[in-house]
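Protein chains in written order, with the UniProt record's numbering: chain B, 1 to 328; chain R, 1 to 328; chain Z, 1 to 333; chain E, 1 to 333.
Cβ atoms here follow ideal geometry from the backbone N, Cα and C, with glycine treated the same way.
What follows is a set of notes on a single structure, which appears directly below.
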Amino acid sequence: MATDTYLNAGRRAVIEEMQRDGSVWALGEDLGRGGVFGQYKGLQEMFGTSRIADTPISEACIMGAAVGAAMTGTRPIVEMRFSDFALCAVDELVNQAAKARFMFGGQMRVPMVVREPIGMWRSSAAQHSQSLEAWYAHIPGLVVVTPSTPADNLGLLKSAIRNDDPVVYLEHKNLWVLEGDLPDGEHLVPLGEAAIARAGDAVTIVTWSAMRHVCLIAAETLSAQGVEVEVIDLRTLWPWDRDTVFGSVQRTGRLLVVQESVSVAGFGAEIAASVAEALHHDLKAPVRRLGAPRIPIAYAPALEDRARVSQESIIDAVRGLIAPRTAA
Amino acid sequence: MATDTYLNAGRRAVIEEMQRDGSVWALGEDLGRGGVFGQYKGLQEMFGTSRIADTPISEACIMGAAVGAAMTGTRPIVEMRFSDFALCAVDELVNQAAKARFMFGGQMRVPMVVREPIGMWRSSAAQHSQSLEAWYAHIPGLVVVTPSTPADNLGLLKSAIRNDDPVVYLEHKNLWVLEGDLPDGEHLVPLGEAAIARAGDAVTIVTWSAMRHVCLIAAETLSAQGVEVEVIDLRTLWPWDRDTVFGSVQRTGRLLVVQESVSVAGFGAEIAASVAEALHHDLKAPVRRLGAPRIPIAYAPALEDRARVSQESIIDAVRGLIAPRTAA
Amino acid sequence: MAQDNGHNLDRDRFGAMLQLMHRIRAFEEAAIAAQKDGLVLGAIHPSIGQEAVAAGICANLDRNDLLLSTHRGHGHTLAKGADPLAMMRELFGRAGGTCGGKGGSMHIADFGVGMLGANGVVGANIPIATGAAHGLKLQGSDRIVTCIFGDGAINRGPFLEGLNWARVFDLPVLFVCEDNGFSATTRTREMTGGGGAGARAESLGIPAVAVDGNDLVAVDAAARAAIADIRTGKGPVLMHCRTYRITGHTAVDPATYRPASEVAAQRENCPIARLESALRLAGMADGDLARAHGEAAREMTDIAAQARDTDWPAPEAAYTDVQDMGDPRERAF
Amino acid sequence: MAQDNGHNLDRDRFGAMLQLMHRIRAFEEAAIAAQKDGLVLGAIHPSIGQEAVAAGICANLDRNDLLLSTHRGHGHTLAKGADPLAMMRELFGRAGGTCGGKGGSMHIADFGVGMLGANGVVGANIPIATGAAHGLKLQGSDRIVTCIFGDGAINRGPFLEGLNWARVFDLPVLFVCEDNGFSATTRTREMTGGGGAGARAESLGIPAVAVDGNDLVAVDAAARAAIADIRTGKGPVLMHCRTYRITGHTAVDPATYRPASEVAAQRENCPIARLESALRLAGMADGDLARAHGEAAREMTDIAAQARDTDWPAPEAAYTDVQDMGDPRERAF
Ligand SMILES: Cc1ncc(C[n+]2csc(CCOP(=O)(O)OP(=O)(O)O)c2C)c(N)n1
Ligand SMILES: Cc1ncc(C[n+]2csc(CCOP(=O)(O)OP(=O)(O)O)c2C)c(N)n1
Ligand SMILES: [Mg+2]
Ligand SMILES: [Mg+2]
């Protein structure tokens with residue numbers, strides 16, 4: 001057991017899988033110098049320029065070439081740098097990668113991992129801060145993963161690389177420096193399983209990605225006040241772990257979904273709606289979502305913060321959920 | 001009052017607005033020959049090649065050029081042919097058009113309408129059948145419109161063209177031939193207002209686009225059996241008409257959302273979650289969604305139909321909602 | 001000029017290619033007829049008049065080589081060796097179609113013969129083909145990839161990105177611009193700046209060769225030379241084949257946007273008739289020529305009849321081939 | 001060679017351009033210093049060493065002409081006439097910033113002087129600039145549009161789509177490839193097939209001119225000629241300006257991926273020093289030259305101090321400028 005960062009955990013996952021399987025390779029801009037954040041540091045020295053491939057600034061072709069390379073038996077890891085730039089390659093991901101296996105009647109598969117760093121990262125502004133996981137969850141054919149801890153980034157990225165279908169793998173930029181324990185040996189986290197980050201019986205909080213940590217801090221404050229919330233980190237958004245979420249809500253009777261992304265038509269709506277549909281009669285209070293308002297993300301901190309879900313707003317929302325019902 | 005098609009209603013909207021305002025123009029592939037479906041038939045003869053502009057097959061540039069042209073004081077109508085091809089121009093729409101006004105601190109606006117025909121159209125298969133309205137509803141800065149009748153296509157498209165922000169205008173391919181009454185004079189339908197397509201008190205059905213008509217047929221069958229459902233056609237998905245929806249659910253106590261698109265992370269989740277959050281205590285049954293399974297759309301009819309919400313499934317869902325609750 | 005050498009033509013080789021061109025045409029004629037009968041379910045984009053490109057290119061590919069095509073891909077698919085019955089079943093949306101009825105004409109593919117798919121998105125196969133070549137190169141394979149696209153596709157960004165990529169990584173790709181003069185209903189030249197496909201390829205460092213795409217012998221010779229270069233590791237080459245689309249954009253497009261005289265002149269320039277003349281000059285008997293046509297027509301009429309008698313796919317197949325994880329059936333409830 | 005004509009230089013004109021180049025550099029030096037103090041909030045991409053492109057191009061534009069830039073846009077924005085205080089406030093995220101603190105360095109824009117924005121997406125401004133020119137042409141305006149982009153941007157699809165479009169519609173656009181040799185940390189030439197920006201433009205039918213981008217006099221002359229052509233309605237022109245990025249990709253990038261000797265040699269090639277030599281040859285006094293530098297440095301130090309003393313924007317401004325319809329504040333609850 002060693003302590004390391006979320007960034008290095010992802011790096012280790014790539015190294016281990018590339019060592020295990022010669023068909024795995026990575027492509028993206030500036031990978032030879034370690035990538036934008038250093039996730040690929042030293043990898044070109046280890047694996048050579050063919051398997052850690054620097055590419056032109058051609059997002060559409062990076063994604064499209066990965067589709068073709070996956071069809072011919074390799075397992076590409078696509079680096080998109082910022083998830084925002086993946087918007088230059090949506091046809092390639094959504095019309096091609098996601099649909100090929102189906103359109104062609106299962107003649108082949110498209111095993112590829114698309115790493116797209118998401119999320120607010122102080123003063124990165126509107127084109128470098130987005131979280132569009134809801135989009136990908138909506139697209140048949142895609143698996144969607146949002147790791148939130150170093151150990152999960154190790155174990156989920158390894159599983160994603162081994163998956164035979166396209167996986168959109170959304171690391172959070174604010175988590176790169178997060179430290180945590182990494183198991184020593186082979187560590188795989190299965191796709192599709194949520195983690196109960198904290199047990200509790202008062203309210204079920206369902207969250208993912210960086211918000212896990214904000215929720216856990218809020219949970220500590222609440223705990224000090226005698227309210228024990230359960231925090232579920234979905235980890236995989238598609239397929240999401242209905243059993244864990246439903247089981248928890250059946251116990252607590254209360255659901256709060258916390259997401260960093262825009263609340264309107266965000267993935268939180270899927271969770272809230274599913275729980276409301278399936279567990280209406282178990283609910284002791286209405287389901288509730290917290291997310292960003294429907295505004296682009298601004299540069300100045302005071303403005304950017306308006307798009308952030310704070311610890312305080314989580315605490316308030318939990319209090320609202322457990323408050324005795326007053327006349328509407 | 002004349003009877004005309006949904007297609008001609010859209011055509012009339014373009015003509016009227018181009019006559020009214022010299023800064024309105026349209027651009028897209030093959031517009032000079034009327035566009036793929038004939039929506040622009042004869043318009044180049046009326047307005048010339050500058051204002052009805054044929055373009056190269058360059059979706060990214062069609063969208064991007066419209067952004068620039070809108071910034072300089074014209075009002076472009078972008079024709080994307082099939083909404084699926086708009087996936088070649090997502091950066092231009094989402095990172096540029098939608099965010100420019102905000103990013104630049106309100107120095108200008110981007111008045112443009114992006115027409116993207118959506119929906120299943122017999123045996124068009126996975127790359128010509130998608131409905132991604134949920135994506136656009138999730139993006140700050142975009143207005144999202146889904147007309148379902150000839151009169152609405154006339155009145156909403158005119159309003160969209162007059163709107164000062166980017167509007168994603170999603171006509172449904174299966175509706176082109178639909179006939180209906182068109183008012184003679186100026187007919188504007190305000191953005192953001194739902195239509196109660198049918199009044200009822202048993203269940204509120206919220207729907208949009210082509211599904212309105214399927215819901216209305218189901219409603220007739222139900223009516224014959226003594227069940228009067230209210231069918232709300234949202235018409236505009238962002239901003240959606242909370243007052244009309246909430247008012248109806250407060251009366252009926254039951255909500256069914258019916259959408260053609262993939263249910264998972266679809267816009268129906270937003271409606272269902274919002275109602276569950278706000279009106280939990282008014283609900284006599286759990287909220288419920290109907291939509292497509294999470295599969296790409298196939299070519300063969302028997303397979304394609306598996307992605308379709310049928311009249312029967314709507315009737316079943318309504319019956320489920322009004323059935324006395326049995327032990328879970 | 002290649003035509004002038006008619007009397008030197010290898011009759012076996014070009015006889016087989018004539019046969020293939022007849023089969024492509026007969027397949028599409030049968031499909032068009034079937035569409036009128038409501039048997040072909042979605043749009044089809046015939047390549048009638050363009051058969052020499054498919055035949056001349058694919059004659060120089062090995063079965064293991066890969067091919068990516070366009071929405072107008074029946075000819076390419078047949079020429080790569082796909083089974084026409086499976087193809088017709090696909091157009092009819094039947095079980096046993098190349099894609100099990102999931103794809104239809106615009107997504108026809110037969111990975112078994114290295115045909116990696118038509119594509120419903122113009123230009124989308126250029127990066128995918130480039131990536132396929134990248135994958136082959138990474139695996140040390142000696143197979144090559146051919147990517148056919150239309151003249152309209154050169155105005156899409158992926159054309160630049162894909163060709164640049166192929167050059168930068170020195171990939172074994174033959175890019176073929178099958179230039180039929182039209183982008184759907186628009187004349188491509190009016191929407192195209194500069195010298196077109198060849199000039200653009202050269203500006204990206206890729207050698208380009210232009211050829212009369214209705215001259216099978218010329219296409220064959222150019223393809224052979226280009227492919228030989230590619231196999232020796234020289235990297236990508238672009239072939240620009242000028243041809244003409246005799247039908248409308250789709251089988252139901254009357255194509256009134258072009259003068260009848262233009263179409264009539266182009267009918268005279270039919271690649272099949274031109275190869276027939278050359279083979280006649282090379283001594284092939286009229287009876288043999290007629291037989292090639294007749295056999296192809298019979299084969300495809302037969303196939304259409306068989307396809308018509310084929311079962312529909314099982315509806316439950318809609319839920320397969322989506323992805324391994326998760327239940328695609330999952331609806332809201 | 002343009003440099004050889006130093007003694008013929010118009011001292012007023014080029015003196016003003018020297019001053020502008022000093023101001024650009026001083027602005028960025030002040031910004032870099034302020035970033036170390038935590039005052040500049042997001043990433044900045046300095047253009048130190050590239051000032052002659054901004055100055056030489058913009059000197060030939062009218063205030064009404066439009067300019068679109070890149071993520072490395074401070075110099076272009078200043079050269080187009082924006083107020084450096086408003087710019088610095090934007091970098092500091094303060095009220096009164098050009099974008100009210102909403103954009104920051106990568107979205108700096110001043111529509112009042114025709115500067116339609118930096119862009120955080122490489123190449124994205126090429127279609128937007130083309131469309132701006134399209135809009136101007138539709139309105140019968142005689143203004144022109146200049147679009148500056150980096151050498152890395154020519155490998156993105158929108159480069160092809162935008163240039164082709166500008167040619168097809170004969171639009172008044174000056175495309176400027178500001179080639180500093182790098183795509184972030186990658187040498188662009190290793191990722192670029194063929195002859196680069198100029199060759200690609202020519203293949204699209206757009207005349208191209210290459211110029212030493214560190215030679216202000218040459219940039220000025222080439223820009224003047226190109227813009228004169230554009231104003232007479234000849235359609236788009238591309239200028240390829242070779243220059244060098246003295247700093248790292250961002251202000252905090254140590255850029256260890258290039259040898260110190262290379263950077264040292266390029267420092268010798270500083271466009272400001274070169275213009276100073278030329279002006280000295282033209283008879284400008286050393287004292288005047290020094291004064292230009294000193295004034296610029298003082299101006300920008302002052303401005304940084306003022307920006308630092310400026311208020312933050314009101315938090316509620318986060319909800320404005322989104323769109324007219326709907327309540328952006330709408331959360332789930
Ligand atoms: C990205 C995209 N834009 C538009 C279309 C609609 N479309 C289908 S085929 C076609 C014309 C393509 O012309 P070309 O590439 O020359 O091929 P051809 O049809 O002539 O074989 C168009 C515009 C599409 N399928 N994909
Ligand atoms: C579409 C896109 N891909 C990648 C990036 C990340 N990125 C920012 S600047 C840059 C380098 C751009 O190089 P160039 O165009 O030469 O401009 P320069 O930085 O040299 O001025 C890259 C790759 C981006 N902003 N947008
Ligand atoms: Mg064509
Ligand atoms: Mg550069």
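Let me know if residue i comes out buried or exposed under the rule of 16 or more other beta-carbons within 10 Å of its beta-carbon.
i	result
R329/Z	exposed
A332/Z	For A332/Z, the pLDDT reaches just 44, beneath the cut-off of 50, and the residue's location in the model is therefore unreliable, although a value from the coordinates is still provided. Buried.
V40/Z	buried
P324/R	exposed
Tell me which same chain residues have a C-beta within less than 7 Å of the C-beta of residue i, skipping the five on either side of it?
i	result
M1/Z	Annotation note: pLDDT 40 at M1/Z (below 50); position unreliable, no value reported.
A317/R	L256, R288, L290
R115/B	I77, V78, E79, M80, Y169, E171
G205/Z	R167
R156/Z	V122, G123
With a threshold of 8 Å between beta-carbons, can residue i be considered close to chain Z, or not?
i	result
W238/B	yes
R101/B	yes
F159/E	yes
M191/E	yes
Looking only at its chain, what residues have a beta carbon closer than 8 Å to the beta carbon of residue i, apart from the 5 residues adjacent to it on each side?
i	result
L216/R	A197, R198, V231
R12/R	D4, L154, L182
What separation, rounded to the nearest whole angstrom, lies between the Cα atoms of residue i and residue j?
i	j	result
L191/R	H281/B	36 Å
V14/R	G131/E	20 Å
T236/B	A137/B	10 Å
H249/E	A298/R	47 Å
N153/B	E171/B	8 Å
E45/B	D151/Z	42 Å
D233/R	V145/R	11 Å
A304/Z	A30/Z	7 Å
D212/Z	A79/Z	19 Å
V67/B	Q96/B	7 Å
residue 355/B	G103/E	Since the first residue shown for chain B is 1 and the last is 328, residue 355/B is missing from the structure and cannot be characterised.
8 Å is my cut-off, CB to CB: does residue i come that close to chain R?
i	result
L170/B	no
L67/Z	no
G235/E	no
Short of 6 Å in beta carbon distance, which residues of its chain neighbour residue i, apart from the five on each side in sequence? Order them along the chain.
i	result
G34/R	Y40, K41
V227/B	A202
Could you tell me which residues DSSP pairs with residue i in its beta bridges?
i	result
residue 341/R	This structure does not reach residue 341/R, given that chain R is present from 1 up to 328, and the question cannot be answered.
W238/R	V144/R
T150/Z	The question names Thr, but residue 150/Z in the sequence shown is Gly. DSSP output for G150/Z lists E178/Z as bridge partner(s).
Within 8 Å of any Cβ in chain B, is that where the Cβ of residue i sits?
i	result
C99/Z	yes
M88/Z	no
Hey, does residue i have any beta-carbon neighbour from chain E nearer than 8 Å?
i	result
I206/Z	yes
Can you determine whether any heavy atom of ligand 5 sits closer than 7 Å to the C-beta of residue i, and answer yes or no?
i	result
N180/E	No copy of ligand 5 occurs in the structure displayed; its ligands are ligand 1, ligand 2, ligand 3 and ligand 4 alone.
For residue i, return the contacting residues in chain D, with the cut-off set at a CB-CB distance below 7 Å.
i	result
L303/B	Among the protein chains in the structure shown, which are B, R, Z and E, there is no chain D.
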